[in-house]
Amino acid sequence: MKLSKYVLSLSLLTAATATYAVPATVANAATKTMSGVISKDVIVRAASTPNSKNLGTLKKGAKVTIYKETTYWYQVKFKNKLSYVSKDHVKLSKKPTTAKPKPNTDQVVSTIKSSQKANAEIKSNVYFYAKASTSSKKLGTLKKGTKIHMNNVSQFGWVEFDNDGKKNYVYKDFVTKISKPTAKPGTSKPKPETSKPAVNENEKTSYKPNFSKTFSFKSEGHNGTLVYSKKKTASGYVIWSKKVANKTSKLYIKEAKDGVYYATNSKDAVRVLPYSFKVGQTYKNGKSTFKVTGANKTVKTTAGTFKSVATVTGNGYTFYVAPGAGIVKMTKGKKTTFELSKVK
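Below is the structure:
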């Protein structure tokens, strides 16, 4: 997709998604299947998007075979056609339909080698992988209570951790943070960090737009408005109604434990600000690298002055993200490409 298309269509998240597409699947087990039971009446969709064609309804208690898993959807058969249902309404059977893994792949690991201090712990026995996908090489089983150093969490829920200098992955639902990180046994006391302290620790400050406000803006010479539609998707995205030049579309915004996301649909999503963050921190959006370049800044816009603003650079753009307002300004070089004009 060309960058100019996103500048006009997304308005608030213009350039961030232009040069890449964020993968939509957590795992694509095309050759494997799982089984489940519908836990609540659910609408069957033609595609894995909340706005795709409604094919009918599966009733509570219906048994389904799952052919494919994406971030928020299961692919099932409905009236002899491959269709999609929300994962929130499916309870997986205890035993998958595939054969059990060979015993030699189930090595139980209770100690992870790392030069970095542990900041997380495994909640229950779980497989860990060479890449952020269940279709990648399975390296073994992490035992409950195993201490790890968590590097980051992807938008699809994969925790990257350090294992003897290599990056391994485990799903976030099986990991809990340690309130006070402990040093690796037998090592000297770590030196005090010289970098600036993290901002938004424990999510004390919300950087998503306030639902009760109407945001007016100007983007690439076009005036527009953004209003909360009072609707949400099954995956937790809040739907905003965006109107530009008398054309109305939808903008999806979600605040999660690992940051604030903007999207034009359920497949394309960009983390515009990570949680928690500090100046100099870098993170990935697809193949692009983004960097937190500022925090606690005061930024003046046509809509007024915003404080405690964080700045993020990526793909040649700078995003100014303010508490309770989200993106309030965007620049490319010295040119302002987006700016709030009024908040009421």
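Residues in the sequence shown are numbered from 513 upward in steps of one, following the working numbering. Just so it is clear, CB atoms sit at the ideal spot from N, CA and C, and this is done for glycine as well. Predicted model, so just to flag it, every value in this text is computed and none were measured.
- For T569, the closest of Y596, T577, E581, S547 by C-alpha to C-alpha distance is Y596.
- About 6 Å separates the CB atoms of Y681 and F640; that is less than 8 Å, so the two are in contact.
- Judged by DSSP in its simplified three-state form, F723 adopts coil rather than helix or strand.
- DSSP places K589 within a strand segment (E or B) once states are collapsed to three.
- For T810, the CB contacts under 6 Å within the same chain, skipping 5 residues up- and downstream, are K819 in chain order.
- In the DSSP assignment, I634 falls within the unbroken beta strand (DSSP E) covering 630-634.
- With respect to the C-alpha of H734, the residue from V756, T794, E633, T813 having the closest C-alpha is V756.
- By the Cβ neighbour-count rule, L785 is buried, with 16 or more other Cβ atoms within 10 Å of its own.
- Uninterrupted beta strand (DSSP E) stretches at least 3 residues long and entirely within the region 650-700 occur at 650-654, 662-665, 670-675, 678-683, 687-694, given in chain order.
- When DSSP states are grouped into helix, strand and coil, K803 belongs to the strand group.
- Per DSSP, I839 is one residue of the beta strand (DSSP E) stretching across 838-844.
- Within the region 812-840, the complete beta strand (DSSP E) runs of at least 3 residues fall at 816-826, 829-834.
- A distance below 7 Å between beta-carbons, with the five flanking residues on each side excluded, links K656 to the following residues of its chain, in chain order: I634, K635, S636, N637.
- The three-state secondary structure of K730, taken from DSSP, is strand.
- Rounded to whole angstroms, K743 and V554 show a C-alpha spacing of 17 Å.
- In the assembly as shown, T688 is an exposed residue. Its beta-carbon has fewer than 16 other beta-carbons within 10 Å.
- When the five nearest sequence neighbours on each side are left out, the beta carbons in the same chain lying within less than 7 Å of the beta carbon of F686 are those of I634, K635, S636, V638, in order along the chain.
- The closest CA to that of M842, considering only A822, G836, V855, is found on A822.
- If the five residues before and after G836 are omitted, its C-beta is found closer than 6 Å to the C-beta atoms of N722, all from its own chain and listed in chain order.
- Counting C-beta atoms within 10 angstroms of its own C-beta, G736 has 16 or more neighbours from the protein chains shown and is therefore classed as buried.
- DSSP, read as helix, strand or coil, puts K552 in coil.
- Your pair G652 and V620 checks out as a contact, with CB atoms roughly 7 Å apart and the cut at 8 Å.
- Nearest to K762 by alpha-carbon distance, out of A768, G748, N777, is N777.
- Note on S560: 16 or more other CB atoms within 10 angstroms of its CB, so buried under the neighbour-count rule.
- Linking I624 to E672 through their CA atoms gives a straight-line distance of about 13 Å.
- Taking C-alpha positions only, G826 is separated from A768 by approximately 20 Å.
- Between Y787 and G806, the C-beta spacing is not below 8 Å.
- Under the 10 Å beta carbon count, G838 is surrounded by 16 or more other beta carbons and is classified as buried.
- For K755, the enclosing beta strand (DSSP E) stretches over residues 750-756.
- Judged by DSSP secondary structure, N637 falls outside any beta strand (DSSP E); it is assigned neither H nor E.
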